[in-house]
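Chains as they are written, first to last, in the working numbering: chain A, 55 to 534; chain B, 55 to 534. Here the structure comes first, spelled out in structure tokens, and everything after it is commentary.
Number of protein chains: 2
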Amino acid sequence: MSDVGVTVKKSEDFSEWYTQVIVKSGMADYAPVKGCMIFREHSYAIWEKIQQIFDEKIKATGHRNVYFPLFIPESFLKKEAEHFAGFTPEVAWVTMGGDTPLEEKLALRPTSETIMYATFAKWIRSWRDLPIKINQWCNIIRWDTKGTKLFLRTREFLWQEGHTAHATKEEADQEVMQILNEYKDVMENYLAIPVLTGKKSESDKFPGALYTTALEAIMPDGKALQMGTSHQLGQNFSKVFKIKFLDQDEKEQYVWQTSWGFSTRMIGALVMVHGDDKGLVLPPRVAPIQVAIVPIPYKDANSKEILAKAQQIYEKLQKQDIQVVLDDRAEYTPGWKFNEWELKGVPVRIEIGPRDVKQKQVTLARRDTFEKVAVKEEKVLNAVEELLEKIQKNLFNKARKFLEENITTVKTYSEFKKVLRKKGGFIRACWCSSPECEEKIKEETGATIRIVPLKKEKTFTECIYCGEKAKEVVYFARAY
Amino acid sequence: MSDVGVTVKKSEDFSEWYTQVIVKSGMADYAPVKGCMIFREHSYAIWEKIQQIFDEKIKATGHRNVYFPLFIPESFLKKEAEHFAGFTPEVAWVTMGGDTPLEEKLALRPTSETIMYATFAKWIRSWRDLPIKINQWCNIIRWDTKGTKLFLRTREFLWQEGHTAHATKEEADQEVMQILNEYKDVMENYLAIPVLTGKKSESDKFPGALYTTALEAIMPDGKALQMGTSHQLGQNFSKVFKIKFLDQDEKEQYVWQTSWGFSTRMIGALVMVHGDDKGLVLPPRVAPIQVAIVPIPYKDANSKEILAKAQQIYEKLQKQDIQVVLDDRAEYTPGWKFNEWELKGVPVRIEIGPRDVKQKQVTLARRDTFEKVAVKEEKVLNAVEELLEKIQKNLFNKARKFLEENITTVKTYSEFKKVLRKKGGFIRACWCSSPECEEKIKEETGATIRIVPLKKEKTFTECIYCGEKAKEVVYFARAY
Numbered sequence: 055m056s057d058v059g060v061t062v063k064k065s066e067d068f069s070e071w072y073t074q075v076i077v078k079s080g081m082a083d084y085a086p087v088k089g090c091m092i093f094r095e096h097s098y099a100i101w102e103k104i105q106q107i108f109d110e111k112i113k114a115t116g117h118r119n120v121y122f123p124l125f126i127p128e129s130f131l132k133k134e135a136e137h138f139a140g141f142t143p144e145v146a147w148v149t150m151g152g153d154t155p156l157e158e159k160l161a162l163r164p165t166s167e168t169i170m171y172a173t174f175a176k177w178i179r180s181w182r183d184l185p186i187k188i189n190q191w192c193n194i195i196r197w198d199t200k201g202t203k204l205f206l207r208t209r210e211f212l213w214q215e216g217h218t219a220h221a222t223k224e225e226a227d228q229e230v231m232q233i234l235n236e237y238k239d240v241m242e243n244y245l246a247i248p249v250l251t252g253k254k255s256e257s258d259k260f261p262g263a264l265y266t267t268a269l270e271a272i273m274p275d276g277k278a279l280q281m282g283t284s285h286q287l288g289q290n291f292s293k294v295f296k297i298k299f300l301d302q303d304e305k306e307q308y309v310w311q312t313s314w315g316f317s318t319r320m321i322g323a324l325v326m327v328h329g330d331d332k333g334l335v336l337p338p339r340v341a342p343i344q345v346a347i348v349p350i351p352y353k354d355a356n357s358k359e360i361l362a363k364a365q366q367i368y369e370k371l372q373k374q375d376i377q378v379v380l381d382d383r384a385e386y387t388p389g390w391k392f393n394e395w396e397l398k399g400v401p402v403r404i405e406i407g408p409r410d411v412k413q414k415q416v417t418l419a420r421r422d423t424f425e426k427v428a429v430k431e432e433k434v435l436n437a438v439e440e441l442l443e444k445i446q447k448n449l450f451n452k453a454r455k456f457l458e459e460n461i462t463t464v465k466t467y468s469e470f471k472k473v474l475r476k477k478g479g480f481i482r483a484c485w486c487s488s489p490e491c492e493e494k495i496k497e498e499t500g501a502t503i504r505i506v507p508l509k510k511e512k513t514f515t516e517c518i519y520c521g522e523k524a525k526e527v528v529y530f531a532r533a534y
Numbered sequence: 055m056s057d058v059g060v061t062v063k064k065s066e067d068f069s070e071w072y073t074q075v076i077v078k079s080g081m082a083d084y085a086p087v088k089g090c091m092i093f094r095e096h097s098y099a100i101w102e103k104i105q106q107i108f109d110e111k112i113k114a115t116g117h118r119n120v121y122f123p124l125f126i127p128e129s130f131l132k133k134e135a136e137h138f139a140g141f142t143p144e145v146a147w148v149t150m151g152g153d154t155p156l157e158e159k160l161a162l163r164p165t166s167e168t169i170m171y172a173t174f175a176k177w178i179r180s181w182r183d184l185p186i187k188i189n190q191w192c193n194i195i196r197w198d199t200k201g202t203k204l205f206l207r208t209r210e211f212l213w214q215e216g217h218t219a220h221a222t223k224e225e226a227d228q229e230v231m232q233i234l235n236e237y238k239d240v241m242e243n244y245l246a247i248p249v250l251t252g253k254k255s256e257s258d259k260f261p262g263a264l265y266t267t268a269l270e271a272i273m274p275d276g277k278a279l280q281m282g283t284s285h286q287l288g289q290n291f292s293k294v295f296k297i298k299f300l301d302q303d304e305k306e307q308y309v310w311q312t313s314w315g316f317s318t319r320m321i322g323a324l325v326m327v328h329g330d331d332k333g334l335v336l337p338p339r340v341a342p343i344q345v346a347i348v349p350i351p352y353k354d355a356n357s358k359e360i361l362a363k364a365q366q367i368y369e370k371l372q373k374q375d376i377q378v379v380l381d382d383r384a385e386y387t388p389g390w391k392f393n394e395w396e397l398k399g400v401p402v403r404i405e406i407g408p409r410d411v412k413q414k415q416v417t418l419a420r421r422d423t424f425e426k427v428a429v430k431e432e433k434v435l436n437a438v439e440e441l442l443e444k445i446q447k448n449l450f451n452k453a454r455k456f457l458e459e460n461i462t463t464v465k466t467y468s469e470f471k472k473v474l475r476k477k478g479g480f481i482r483a484c485w486c487s488s489p490e491c492e493e494k495i496k497e498e499t500g501a502t503i504r505i506v507p508l509k510k511e512k513t514f515t516e517c518i519y520c521g522e523k524a525k526e527v528v529y530f531a532r533a534y
């Protein structure tokens, strides 16, 4: 880490604060290639935690990891018309291998439905081959021409994409919901970010899907961020790619499919939602470093004794699988170290000074509230474990409170526009279900339907835009 | 799994056998994109095991994972002349983003030295910032124009690449050797593949390196396979990319660098070295499934009791972290299942039939030797654990014996050519150290110097090719 800490306040210049926190904490950096970023140690370690958590979940439910090629022939992308229309504008194309122009240009995967499903057709013959439940962790390329935003909008990012094939629609529906719930669990119980879940409107669903479900979080600036999606693909792709099977009655059927993904953009949400003016604040369950021990040797005190004590506590915590570092670097002062670990968002700092040694105690400092508490040496393990749980809960509760305060029910379009202008957040309103009204609202305000609740909510006015009979209650927001 | 088992013998058509084993066992498949492959569940799970084993090792020695962009501007590749010359012929180029031609064409990483080191220059200022020890797990693109061979030669493959920067040459030398030793440990003690280690000759070192160390294994057809490399880059890249630091005396210095990698081609070696006419044979430490339990219900016996017993044993093994499946599928016969688990290389099969239940025993079948042994129920856990260890050792010992038998010392060039023609394997011979002789031998025989031993061996003839004074003993082979 070079330079000093974050020089702007989160409340004053959110965008600049976001970039500074990420770059200065060692999470990420801009790459020397336009539109790309470097995932440095501190963010990649969070990604590894997320991978571990989710991977265990999907393996427990019978999914297996695979790896399909990065390259997708143009002809494959073209097979599903909606899909092609949806992705082609932002595809990067390989046209040369060495000095030789390619016969057919190759897309770098913007998503892998087409390359995978061309092969599913070969693998699936009978009901015995079903279900197929696979997933891959990989890089994804989308040639966005808008400005780069670290984690949220880059031309390359990392994600997981699950792809399944089933004998019946019901089974595929269940898969879509099961994954939606697993995603929610990861986001709320690990990242400590509460989400709204629901379906996307017809015009906003995944290109080629029957319907799309999504998870949406709210950021401190009032904008929504899509955290993940789980799609019921129906038989759209199976009909195009001829993925058929003989059922138990020897009748030929097309498979029902799902696909679902979340990406490294979640790390951007993590920064935005929990960070403060001092830098990152990481929820303990995804923090690569949960505890930093900083010995504070004074000239006139016995610094050897302090270091020995620090070492002892380090070993005790490590043995219990707590991710802990002992920061005994001689070239930095304790104050400098405090700042660094705060910038990096480490949930708990343990300070050990001469007074602590004398009184057989240590000082625990919470990253989320800055509270400090002295704890007797023999109780340090329990105290740290409890504190980590407390911090995890506190971060989630704070974020949930913010989410709840930022859902506003409106009855008129002028109210809608006013809330959007003054406060942002999710706006709960009634809608006639027509894509025209949806499009007009988007044009005039920049707000889109983020989700249509899975459990239909009772309408309470006419359509907010056209005044015709409303068919459903939906949640609008401006979004990243 | 479709179709029947492997239809050719390993000893009769090695190349066809290799492909059949891989495709029929569900390890991999050809992709519908030329030169590419699909890593299916069964090989990706092995890759995950290898990742886990090596990741733990490098993290324990202070390395951290990161992720750098796939895209490398042409100008970066060009900065180190040897490096550019070495990689450019097999680079895939992105020239279009959506409909728009790019200003500068972008290489898909054939390796990441240049993109990483352009950024190292920004991160490193002082001796306090050193060492940098990072690694990434990623996809790699090399636009090979030769025929595709699953795992061994494909245009995209997966690997890890470590990159480090140090204050001194000694430190970098140590890093190179440390990694070489870790690689050797993974290959010998997990993959059960013995390797020769040493340096590459000057003409065969990594483009841009000071020297390259490598690990070489021997395949059953007598060809060598490079399993991994660890490079001392010296200051070649740091001078080009201006990666400088102020040392403790405030003097400006260039850093010393290393890079090192192994790839999914190791999985190809695993298939070749251990497989047999029935299919894969996996060493227990990297087998995704270590034990398959197959209940054998007969009509006239109590099949419920058999299933209950199988379930009991399944749970007992699973609790001890043994990777076990209970194959209770009703739609397949026990015989069919035996074949499938053999094809997939599962080290131990547990058979439970009516006789076993009656005698309170189970039957363990070894994949490597096909031996069967009855074991009392209460001893099954110990017996399985012991058997897995035994199989691991047996596979390594067999492979080591084969390696030893396939190192032939020769004193004349005609002997050299005869051994190469009749037997292959490593040929140990004396060499004058001139690139001209090395090149001539390659032209005339197809054999290259695979390694120059780290500990110089005593020469025993003149140079095998030119008859001048020999400077060293080296190991030649034809290689994949």
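C-beta: ideal position from N, C-alpha, C; glycine also. Everything numeric in this text was worked out from a predicted model, so none of it was measured.
Answer yes or no: does any C-beta atom of chain B fall closer than 8 Å to that of residue i?
{"i": "residue 501 of chain A", "result": "no"}
{"i": "residue 74 of chain A", "result": "no"}
{"i": "residue 405 of chain A", "result": "no"}
{"i": "residue 197 of chain A", "result": "yes"}
{"i": "residue 515 of chain A", "result": "no"}
{"i": "residue 448 of chain A", "result": "no"}
{"i": "residue 460 of chain A", "result": "no"}
Strictly below 7 Å CB to CB, what residues from chain B border residue i?
{"i": "residue 90 of chain A", "result": "123 and 125"}
{"i": "residue 143 of chain A", "result": "152"}
{"i": "residue 172 of chain A", "result": "86"}
{"i": "residue 182 of chain A", "result": "385"}
Output, in chain order, the set of chain B residues within a Cβ distance shorter than 9 Å of residue i.
{"i": "residue 160 of chain A", "result": "87 and 146"}
{"i": "residue 83 of chain A", "result": "173, 176 and 177"}
Given 7 Å as the limit, tell me if residue i has its C-beta closer than that to any heavy atom belonging to the ligand SAH.
{"i": "residue 205 of chain B", "result": "By its list of ligands, the structure shown contains no ligand whatsoever, and the ligand SAH lies outside what it can speak to."}
So residue i is in the alpha helix (DSSP H); what residue range does that whole segment cover?
{"i": "residue 96 of chain B", "result": "95-114"}
{"i": "residue 252 of chain B", "result": "Looking at the DSSP string, residue 252 of chain B is not in any alpha helix (DSSP H); the run it does join, the beta strand (DSSP E), is 250-253."}
{"i": "residue 233 of chain A", "result": "223-243"}
So with CB distances below 8 Å, who are the chain A contacts of residue i?
{"i": "residue 119 of chain B", "result": "95, 98, 99 and 102"}
{"i": "residue 54 of chain B", "result": "Only positions 55 to 534 of chain B appear in the structure, and residue 54 of chain B is not among them; the question remains open."}
{"i": "residue 210 of chain B", "result": "123, 124 and 125"}
Using three-state DSSP, classify residue i as helix, strand or coil.
{"i": "residue 523 of chain B", "result": "coil"}
{"i": "residue 74 of chain A", "result": "helix"}
{"i": "residue 403 of chain A", "result": "strand"}
{"i": "residue 85 of chain A", "result": "coil"}
{"i": "residue 151 of chain B", "result": "strand"}
{"i": "residue 117 of chain A", "result": "coil"}
{"i": "residue 318 of chain B", "result": "coil"}
{"i": "residue 67 of chain A", "result": "coil"}
{"i": "residue 537 of chain A", "result": "Residue 537 of chain A lies beyond the residue range present for chain A, which begins at 55 and ends at 534; the question has no answer from this structure."}
Could you work out which residues of chain A lie near residue i, taking near to mean beta carbons separated by less than 7 Å?
{"i": "residue 136 of chain B", "result": "What residue 136 of chain B touches in chain A: nothing, since even the nearest Cβ is about 18 Å away."}
{"i": "residue 235 of chain B", "result": "What residue 235 of chain B touches in chain A: nothing, since even the nearest Cβ is about 24 Å away."}
Using a Cβ cut-off of 8 Å (strictly closer), state whether residue i contacts chain A.
{"i": "residue 393 of chain B", "result": "no"}
{"i": "residue 463 of chain B", "result": "no"}
Just to confirm the assignment, what range does the beta strand (DSSP E) spanning residue i have?
{"i": "residue 349 of chain B", "result": "345-349"}
{"i": "residue 281 of chain A", "result": "278-288"}
State yes or no: is the beta carbon of residue i nearer than 8 Å to at least one beta carbon in chain D?
{"i": "residue 218 of chain A", "result": "In the structure shown, chain D does not exist; the protein chains are A and B."}
- Could I get the ranges of all uninterrupted beta strand (DSSP E) runs contained in the region 421-497 of chain A, with 3 residues as the minimum, in chain order? At a cut-off of 3 residues, the continuous stretches assigned as beta strand (DSSP E) that sit fully inside the region 421-497 of chain A are 426-430, 461-463 and 480-485.
- Item | Residue ranges of each beta strand (DSSP E) within the region 362-398 of chain A, 3 or longer | When DSSP assignments are scanned along the region 362-398 of chain A, the uninterrupted stretches of beta strand (DSSP E) that are 3 or more residues long and fall wholly within it turn out to be 378-380.
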